[in-house]
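Report on the following structure.
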Amino acid sequence: MTTKQVQPAIAVTGLRKSYGDHVVLDGVDLTVQQGTIFSLLGANGAGKTTTVKILSTLIGADAGDARVAGHDLAGNPDAVRAAIGVTGQFSAVDNLLTGSENLRLMADLHHLPRGEGRRRAAELLEQFDLVEAAGKPVSTYSGGMRRRLDLAMTLVGSPSVIFLDEPTTGLDPRSRRSMWQIVRDLVAGGVTIFLTTQYLEEADELSDRIAVLDQGRLVAEGTSDELKRRIPGGHVRLRFADPRVLETAVHALGEVSRDNDALALRVPSDGSMRSLKTLIDRLDDRAIEVDELSVHTPDLDDVFLALTGNPTHEKVTTR
Amino acid sequence: MSSHTLAAPAPANLRFHPLRDSATMLRRNLKHMLRYPSMTVILVGMPIVFLLLFVYVFGGTLGAGLGGVSGGRAVYVNYVAPAIILMTVTATVQGTAISIATDMTEGIIARFRTMHIARVSVLTGHVLGSMIQAVIGLTMVIGVALLVGFRPEAGFGAWLTTAGFLMVVTFALVWFAVALGQVSKSVETASNLPMPLVLLPFLGSGFVPTDSMPTALRLFAEYQPFTPIIETLRGLLMDKPIGDNAWLALTWCVAIALGGYLWSKRLFNREYAR
């Protein structure tokens, strides 16, 4: 959070929601700065979709304050709606219309003049690689095409804050990568993205900041690296040219685990510059030749499992 | 991407355009109808089948029961035509309920809810679309009725009044169907819920005079809304005295329209829980 003078795109405090006895959101606080990608990471049923539904004015919260694009969610939902775009988990396209009709429908609802609406639709079809399918009914589209059209429709109104609820769930790897690229391009254009995902890799790949949601509570928030650093288990792997050097290194470094076959050592490390420098200095002092050095930070899988305190968190999908 | 600013938009940007949005939604619904005409065909086909059934199968006997001078079928066509015309309207609104329910299962409604549009336009688009569908259906059904021997006595003025009256009835029933379509949890329910509307003309003066019915049924038949509506239509088309039926029918229509509209609006604004 470097730019304090700009107001955040999304600011949420104490968000609560329950359905009967079932608490879905149990006091969520989060802040998303303008022009960044924020990922809400969690398993199915963690409350991700509920959060998006509340922030996109679909449902009301039981308690808490939220401002989206500078407008109070409860007090001025119309102003919020005018500023946001939402692409939900279930495709929000009109299956009976063609791709280009869907886009023009959005243009009409945004009251773009006819010519401008047409131009914008054509532009988006081009951008989302849907030109060939433009005249076909959406019911004939593949999952990836449908998702791209869905997002294209969200963009017709040039929203400043975009909510993407599990944008790549169910997509094949290629469509997934192309969706990621689209998201990156959007942010480069100044849009703020709030996305939910159950894929750790996706959050890692895209986000400026990640919040981990578990059973309606945020259990951690930070950059991907910050989150990884919170987890013990990171190490530096050193590989040596011959066994004698390996032996010297073991004596020099003390507490390490060795792999004689690979002539490698695993040195526990948090991956920070300081600890790396200490390690390298120590090797240097004894003139130990290292063939290869690699830093292994735990991936978000480890983070997620450690944070939610459930090592067999089956509901989390890792691909 | 155009430039993005988070400054609060000027109030002018936040103004709603219900007419413009309704027109957009109407275009959407008309496209649906044009692209998938089977529904319209079924909805118009049903009253035509009933017309032919009642004229050619039951018509001779039922007409004799009416005690006409020229006897049988020719008399009965004139008697039953207004009921069939009304049935065209109820069939259309059954279609309204189905298409509303179908729409509600689609994600695009969720999208509409998160957009800055006049919310009611989602519903008014359907209402206007159904009105147009009803006009087409009514024209076809009345055409077929004329072909099979319907001989209305109405002059030009009475025809105009009939058209206006039918639009009022359609408007009222469509709003009711919009609510039924929303209250249905599934498309199947939506196609069944309006069934009573289709049956009500039978339990009224639509197909036989109410005095031929047993007492309990007769009382129901005389006080249910469709009887004054049918009697008004019959009066207008056959140039017969209408009496209290006209204002009774209009009062029912206003009540149904208002109730349907308020109920629909409430249903549409209820918390979205999909």
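Protein chains in written order, with the UniProt record's numbering: chain L, 1 to 319; chain Z, 1 to 274. C-beta: ideal position from N, C-alpha, C; glycine also. These numbers come from a predicted model, not from an experiment.
Using DSSP's beta-bridge definition, name the partner residues of Asp-129/L.
DSSP lists no partner for Asp-129/L.
Contact list for the region 108 to 139 of chain Z against chain L, Cβ threshold 7 Å:
Ile-108, Ala-110, Arg-111, Arg-113, Thr-114, Met-115, His-116, Ile-117
Who pairs with Gly-222/L in a beta bridge, going by DSSP?
Ile-210/L
Among residues of its own chain, excluding the 5 on either side of Arg-151/Z, which ones have a beta-carbon nearer than 7 Å to its beta-carbon?
Asn-78
Chain L contact residues for Arg-266/Z, given Cβ-Cβ distances below 7 Å
Those do not exist, as Arg-266/Z stays about 16 Å from chain L at its closest Cβ, beyond 7 Å.
Under 8 Å, Cβ to Cβ, is there at least one residue of chain L near Arg-218/Z?
no
Taking Cβ-Cβ distances below 7 Å as the criterion, which residues of the region 102 to 122 of chain L are in contact with chain Z?
Leu-105, Asp-108, Leu-109, His-111
For Asp-21/Z, which residues in chain L fall below 7 Å Cβ to Cβ?
Leu-109
Within the continuous beta strand (DSSP E) that includes His-235/L, where are the two ends?
235 to 239
So is Phe-194/L in contact with chain Z if we call contact Cβ pairs under 8 Å?
no
Assuming residue 350/L contacts Thr-154/L (C-beta within less than 8 Å), just tell me the rounded distance between them.
Since the first and last residues shown for chain L are 1 and 319, residue 350/L lies out of range.
Start-to-end residues for the beta strand (DSSP E) that takes in Gly-88/L
That residue, Gly-88/L, is in no beta strand (DSSP E); it is neither H nor E in DSSP.
So with CB distances below 7 Å, who are the chain Z contacts of Arg-81/L?
Thr-114, Met-115, His-116
Give me the DSSP bridge partner(s) of Arg-67/L.
Ala-11/L, Asp-72/L
Measuring CA to CA, which of Met-179/L, Leu-112/L, Leu-97/L, Leu-103/L is closest to Thr-140/L?
Leu-97/L
Hey, Ala-264/L and Leu-283/L: beta-carbon distance below 8 Å or not?
no
Per-residue contacts from Thr-24/Z into chain L (C-beta, under 8 Å)
Leu-105, Asp-108, Leu-109
Nonlocal neighbours in the same chain, by C-beta distance under 6 Å from Ser-160/L, ignoring five residues either side:
Ala-69, Ala-83
Mapping the DSSP letters down to three states, classify Glu-292/L as helix, strand or coil.
strand
Supposed contact pair Gly-144/L and Val-24/L - C-beta distance, whole angstroms, cut 8 Å
With 8 Å as the limit, Val-24/L and Gly-144/L do not qualify as a contact, their Cβ atoms being about 30 Å apart.
For the candidate residues Thr-232/Z, Met-167/Z, Val-174/Z, whose alpha-carbon lies nearest to that of Tyr-261/Z?
Val-174/Z
Take His-17/Z and list the residues in its own chain whose beta-carbon comes closer than 7 Å to its own, dropping the five residues that flank it on each side.
Ala-118
Note the first and the last residue of the continuous alpha helix (DSSP H) segment covering residue 321/L.
For chain L, the structure presents residues 1 to 319; residue 321/L sits outside this window and is missing.
Nearest to Leu-166/Z by alpha carbon, out of Thr-189/Z, Ile-136/Z, Gly-149/Z, Val-144/Z?
Ile-136/Z
The ligand FMN heavy atom lying under 7 Å from the CB of Glu-231/Z
With respect to the ligand FMN, the structure offers nothing, as it holds no ligand at all.
Segment contact, 8 Å Cβ cut-off, at least three pairs: the region 105 to 116 of chain Z with the region 79 to 87 of chain Z:
no
Find the residues of chain Z that neighbour Gly-88/L, judging by a C-beta separation of less than 9 Å, and give them in chain order.
Gly-107, Ala-110, Arg-111, Thr-114
Extract the residue ranges of the beta strand (DSSP E) inside the region 19 to 73 of chain L, only unbroken runs of 3 or more that lie entirely within it.
22 to 32, 37 to 41, 63 to 68
Span of the beta strand (DSSP E), counted from its first residue to its last, around Phe-163/L
161 to 165
Distance cutoff 8 Å, beta carbons only. Does Lys-185/Z sit that close to anything in chain L?
no
Less than 8 Å between CB atoms is the rule here; does Leu-43/Z satisfy it with respect to chain L?
no
For Ala-179/Z and Ser-264/Z, believed in contact at Cβ under 8 Å, the rounded distance:
4 Å
Chain-ordered chain L contacts of Lys-240/Z [CB-CB under 9 Å]:
Ordered by position in chain L, no residue passes the 9 Å Cβ test against Lys-240/Z, which lies about 44 Å from the chain.
Does any residue of chain L bring its CB to less than 8 Å from the CB of Leu-14/Z?
yes
Kindly say whether Arg-28/Z, judged by its beta-carbon, lies nearer than 8 Å to any beta-carbon of chain L.
yes
Ile-193/L by DSSP, collapsed to three states: which one?
strand
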